[in-house]
Amino acid sequence: MTLLLDSKIPDGAIEEKWENHKFSVRLVNPANKRKFKILIVGTGLGGASAAATLAELGYDVEVFTFHDSPRRAHSIAAQGGINAAKNYKNDGDSIYRLFYDTVKGGDYRSREANVYRLAHESLNIIDQATAQGVPFAREYGGLLDNRSFGGAQVARTFYSRGQTGQQLLLGAYQALARQVAAGRVKLHTRSEMLDLVVEDGRAVGIVVRDLISGAVTSHSGHAVVLATGGYANVFYLSTNAMASNASAIWRAHRKGAGMANPCYTQIHPTCIPASDEFQSKLTLMSESLRNDGRIWVPKQADDRRAPGAIGTDERDYFLERMYPAFGNLVPRDVASRAVKRIVDDEKGVGPLKNGVYLDFADAIEREGHQSIEGRYSNLFEMYERITDEDPYRVPMRIYPAPHYTMGGLWVDYNLMTTIPGLYAIGEANFSDHGANRLGASALMQGLADGYFVLPNTIGDYLADFLNQPPAPTNAPAFDEAERGVSDRVDRFVSARGSRTVDWFHKELGKIMLEYCGMSRSEPGLNKALSEIPALYEEFKMDVKILGTAAGLNQTLERAGRVEDFFELAQAMCLDALHREESCGGHFREEFQTAEGEALRRDDEFAHVAVWEWTGDPARPQVNLEQLEFENVALTTRSYK
Amino acid sequence: MNVTLQVWRQAGPSDAGGFRTYEVGGISEEMSFLEMLDVLNERLVNQGEEPVAFDHDCREGICGACGVMIDGQAHGPQLGTATCQLHMRKFRDGATITVEPWRAAGFPLVKDLVVDRSAFDRIIEAGGYITVDTGSAPDANLIPVPKQAADTAFDAAACIGCGACVAACPNGAANLFTAAKIGHLNLLPQGQAERWTRTENMVEIMEEYFGSCTNHAECEKACPKSISIDFIAMMNADYLRAKLKNRRLVGQ
Numbered sequence: 001m002t003l004l005l006d007s008k009i010p011d012g013a014i015e016e017k018w019e020n021h022k023f024s025v026r027l028v029n030p031a032n033k034r035k036f037k038i039l040i041v042g043t044g045l046g047g048a049s050a051a052a053t054l055a056e057l058g059y060d061v062e063v064f065t066f067h068d069s070p071r072r073a074h075s076i077a078a079q080g081g082i083n084a085a086k087n088y089k090n091d092g093d094s095i096y097r098l099f100y101d102t103v104k105g106g107d108y109r110s111r112e113a114n115v116y117r118l119a120h121e122s123l124n125i126i127d128q129a130t131a132q133g134v135p136f137a138r139e140y141g142g143l144l145d146n147r148s149f150g151g152a153q154v155a156r157t158f159y160s161r162g163q164t165g166q167q168l169l170l171g172a173y174q175a176l177a178r179q180v181a182a183g184r185v186k187l188h189t190r191s192e193m194l195d196l197v198v199e200d201g202r203a204v205g206i207v208v209r210d211l212i213s214g215a216v217t218s219h220s221g222h223a224v225v226l227a228t229g230g231y232a233n234v235f236y237l238s239t240n241a242m243a244s245n246a247s248a249i250w251r252a253h254r255k256g257a258g259m260a261n262p263c264y265t266q267i268h269p270t271c272i273p274a275s276d277e278f279q280s281k282l283t284l285m286s287e288s289l290r291n292d293g294r295i296w297v298p299k300q301a302d303d304r305r306a307p308g309a310i311g312t313d314e315r316d317y318f319l320e321r322m323y324p325a326f327g328n329l330v331p332r333d334v335a336s337r338a339v340k341r342i343v344d345d346e347k348g349v350g351p352l353k354n355g356v357y358l359d360f361a362d363a364i365e366r367e368g369h370q371s372i373e374g375r376y377s378n379l380f381e382m383y384e385r386i387t388d389e390d391p392y393r394v395p396m397r398i399y400p401a402p403h404y405t406m407g408g409l410w411v412d413y414n415l416m417t418t419i420p421g422l423y424a425i426g427e428a429n430f431s432d433h434g435a436n437r438l439g440a441s442a443l444m445q446g447l448a449d450g451y452f453v454l455p456n457t458i459g460d461y462l463a464d465f466l467n468q469p470p471a472p473t474n475a476p477a478f479d480e481a482e483r484g485v486s487d488r489v490d491r492f493v494s495a496r497g498s499r500t501v502d503w504f505h506k507e508l509g510k511i512m513l514e515y516c517g518m519s520r521s522e523p524g525l526n527k528a529l530s531e532i533p534a535l536y537e538e539f540k541m542d543v544k545i546l547g548t549a550a551g552l553n554q555t556l557e558r559a560g561r562v563e564d565f566f567e568l569a570q571a572m573c574l575d576a577l578h579r580e581e582s583c584g585g586h587f588r589e590e591f592q593t594a595e596g597e598a599l600r601r602d603d604e605f606a607h608v609a610v611w612e613w614t615g616d617p618a619r620p621q622v623n624l625e626q627l628e629f630e631n632v633a634l635t636t637r638s639y640k
Numbered sequence: 641m642n643v644t645l646q647v648w649r650q651a652g653p654s655d656a657g658g659f660r661t662y663e664v665g666g667i668s669e670e671m672s673f674l675e676m677l678d679v680l681n682e683r684l685v686n687q688g689e690e691p692v693a694f695d696h697d698c699r700e701g702i703c704g705a706c707g708v709m710i711d712g713q714a715h716g717p718q719l720g721t722a723t724c725q726l727h728m729r730k731f732r733d734g735a736t737i738t739v740e741p742w743r744a745a746g747f748p749l750v751k752d753l754v755v756d757r758s759a760f761d762r763i764i765e766a767g768g769y770i771t772v773d774t775g776s777a778p779d780a781n782l783i784p785v786p787k788q789a790a791d792t793a794f795d796a797a798a799c800i801g802c803g804a805c806v807a808a809c810p811n812g813a814a815n816l817f818t819a820a821k822i823g824h825l826n827l828l829p830q831g832q833a834e835r836w837t838r839t840e841n842m843v844e845i846m847e848e849y850f851g852s853c854t855n856h857a858e859c860e861k862a863c864p865k866s867i868s869i870d871f872i873a874m875m876n877a878d879y880l881r882a883k884l885k886n887r888r889l890v891g892q
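Next comes the structure, spelled out in structure tokens:
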């Protein structure tokens, strides 16, 4: 073990740690903040909120996004809502309960102190967003409405119809736009980070390719913040946006940042099943639908009758049967595995028999068409546009799909990676969700990190560099990184093989979904670890990329992202092999209970596995951070 | 099914550009329009021709990155639907489909079907926000917002910034986009303090980049979120009132 994994968890009782920490870290005085340049990559909830807040504080901020506008980041697609322990419903919620639910929901593989802080800041996020004009759903009296979500027995989820992510992102984007107009943020659109620059062991800048001109340039700052999201697109078919990728965090990993728990991926239970082989992505149907929809399959295998013709006694409401206490609202990992088992048993429905029903008939009868329409109209319309079926009349068909990655760059309590000066926030880091993320918690984490955590912790690092200018971009470390990027681009555009980038991406995705998806085993993972390097070699020899390095070249952009996925995929499989237990979204077939539920092994695996780059993607070095549980007792999760 | 595409190809802003015809056979009607373009691009690469550049990302109708003119209609024939959510079952087998970029002076062409929509960001920067520094917000339930006001604000806030309204407008006007943001913020109690400066500043920046509205209402038809042109009327009313409002008295 050679990485220094000091989590910097503050002393004191869990309720006091964050307050104590804010008091003990060093500050930068207001007049000095403008002397520090901070580079932020990504403009989703984490990046946009961090950029706006740091600029409000007075820091000199530069922001980079590969999109044409900061508003396009994939946070925009989050549907269901955002959790906050406001207890407006008077139903027994509290910061402690949100903290407890999140640690339990993560199957006891997250850091208590981070999760408590997240639950604490959840209150401030709702206040901040409301003041920005985010149009959350309201009651007739004008106060905020809540709904319940998977993994919780209280209603603590705030929402804006089925477009909560969009509204929260636009709030953060507008706050960022205000700082751009004020000249305190410099915005670089259509600019993709292709490498991190490290000098004397510290992150000092990034190398960026302008996607319109093709120009490769260096940018230097006192600190670099990666807010670049997750890597579920390693599976090719996922609910992520087409361009979502791992390149920024993977390039940082290659420069020395530890990669934590890369095998922790979330397969979301309610997505529209694939319809044909050309499908480019899968579409999520918000988990909030499980509040009113009942999941079932025909009891009899290969029952080809229309769903309406199948009587109630001939249906298996399997989640309600298996988990009577939580029913259709069990956490995502539990629901996804149950659906997979049912479909593997040949009980699947639909033309390809690759889904289960999510039925609203009972809810419509109970609450009326209008009430259901008020809650879900835009989701029902989206479903109908994609499938040509009307969910008010015919049950939806759903199946699990890769959705979110809990793994990511290792960070300490300050959100700093193992490279001093390099921070990772939001989905790009590993910190708060353990082995499984609860619904409506991703928006919460992205905004907590960006609005409230990073702005309070980054000064502690910067204070050492007062009155030192950022590293000059003609320093050797920048030259070398820039040359590396240009060489790689040249290598791609001279590739004249026979297969397209997307072909390789699809093939990689098939391997990952088969062997490193919802269910994993030692033989399967070993098979993946022999097939992936072989396919990667073929990619290097035989990929076909047209066009030039100068100007807009979308195939070239994808080639770099897919190449990084090849390396990351190996780390995911190695991590899944290392973790000889089942926990949360990570299910090893060898480790299950008699009922087929996940079997955790706390004695040996209550740790974070942090992988260190060695130069060979097949042989990274593992480092461990032991997790301490002082407040929440480790028990077997039960949702029965 | 089989379709014939006439696609606008243009290597760069200064290139002349022109239509190219492509036969795309053997596609499924379950495919989205963009998946059909993916298939075309895979075939083009295999044949050694550069693929067609187009913007897209989330493919679920919310990021606003995609958008092309399909047979002269922004986002194609289906109402309230972005290009990525349009499926091939909406076309007939054997159809000839014309595919062009957004055409508007406010959106300079970048390449093929890709245009530069950064003028939209300039409009938001001019006042499309509520000034509230992080940390200074009061409790969220301190200010009740009547449900109807909140719901109408949401209807406006649903805008995805795709630019279809501009592309559909014979004048290349961005009034629906601008009015949607002004409507969202001006309807809420939180947005009142900056209501008049916001309206004035955003409208005037809009007019620097885009044409003028003459009430054709093509924008409403093209909008993938079906945002109502009522918001344009509200914006016009607020713009007029902003010119007359004594700012020292807006707190009353």
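Heads up: the sequence lines are chains E and C, in that order. All the letters of the first sequence, read from the start, carry residue numbers 1 to 640 under my numbering. All the letters of the second sequence, read from the start, carry residue numbers 641 to 892 under my numbering. All residues carry an ideal CB built from backbone N, CA and C; glycine is no exception. Please read these numbers as outputs of a predicted model, since none were measured by experiment.
Partner residues on chain E for residue i, Cβ-Cβ distance less than 9 Å
i, result
"C:I872", "Near C:I872 there are no residues of chain E at all, since even the closest Cβ is about 19 Å away, more than 9 Å."
Beta-carbon proximity of residue i to residue j, cut-off 8 Å
i, j, result
"E:L196", "E:I212", "no"
"E:L535", "E:E507", "yes"
"E:F360", "E:G439", "no"
"E:P470", "E:K37", "yes"
"C:T867", "C:A820", "Reading off the sequence, residue 867 of chain C comes out as Ile, not Thr. Going by C-beta atoms, C:I867 is nearer than 8 Å to C:A820."
"E:A203", "E:L422", "yes"
"E:N623", "E:E630", "no"
"E:A442", "E:C583", "no"
"E:F99", "E:Y116", "yes"
"C:G803", "C:F760", "yes"
"C:C859", "C:I845", "no"
"E:V330", "E:Y639", "yes"
C-beta neighbour in chain E for residue i, strict 8 Å
i, result
"C:A790", "yes"
"C:H715", "no"
"C:S852", "no"
"C:M728", "no"
Residue i at chain C interface by Cβ criterion, 8 Å
i, result
"E:E563", "no"
"E:A246", "no"
"E:T555", "yes"
"E:H188", "no"
"E:E287", "no"
"E:A475", "no"
"E:K281", "yes"
"E:A241", "yes"
"E:G142", "yes"
"E:S275", "yes"
Residue i: contacting residues in chain C (beta-carbon distance under 9 Å)
i, result
"E:T53", "D773, T774 and G775"
DSSP-derived helix/strand/coil call for residue i
i, result
"C:H824", "helix"
"E:Y639", "coil"
"E:S220", "strand"
"C:C859", "helix"
"C:I800", "coil"
"E:Y404", "strand"
"C:V806", "helix"
"E:Q468", "coil"
Interface residues of chain C facing residue i [CB-CB closer than 7 Å]
i, result
"E:V180", "E765"
Neighbour list for residue i in chain B, Cβ cutoff strictly below 8 Å
i, result
"E:D362", "Structure shown: chain B not included; protein chains present are E and C."
Neighbour list for residue i in chain E, Cβ cutoff strictly below 7 Å
i, result
"C:D655", "Within chain E, no residue comes near C:D655; the closest Cβ sits about 11 Å away, beyond 7 Å."
Q: Taking only beta carbons into account, state which residues of the segment 114-140 of chain E come closer than 9 Å to chain C, listed in chain order.
A: Flagged, chain order: L123, N124, I126, D127, Q128, A129, T130, A131, Q132, G133, V134, P135, F136, A137, R138, E139 and Y140.
Q) Using a Cβ cut-off of 9 Å, which residues of the segment 43-73 of chain E contact any Cβ in chain C, in chain order? A) From the segment 43-73 of chain E, only S49, A52, T53, E56, L57, H67, D68, S69, P70, R71, R72 and A73 have a Cβ closer than 9 Å to chain C.
Q. Taking any Cβ of chain C, which residues in the segment 527-550 of chain E have a Cβ under 9 Å from it, in chain order?
A. Result list: K544, I545, L546 and G547.
Q) For the segment 855-887 of chain C, which residues have a beta carbon sitting closer than 7 Å to at least one beta carbon of chain E? A) Only those residues of the segment 855-887 of chain C whose C-beta falls short of 7 Å from the nearest C-beta of chain E would be listed, and there are none.
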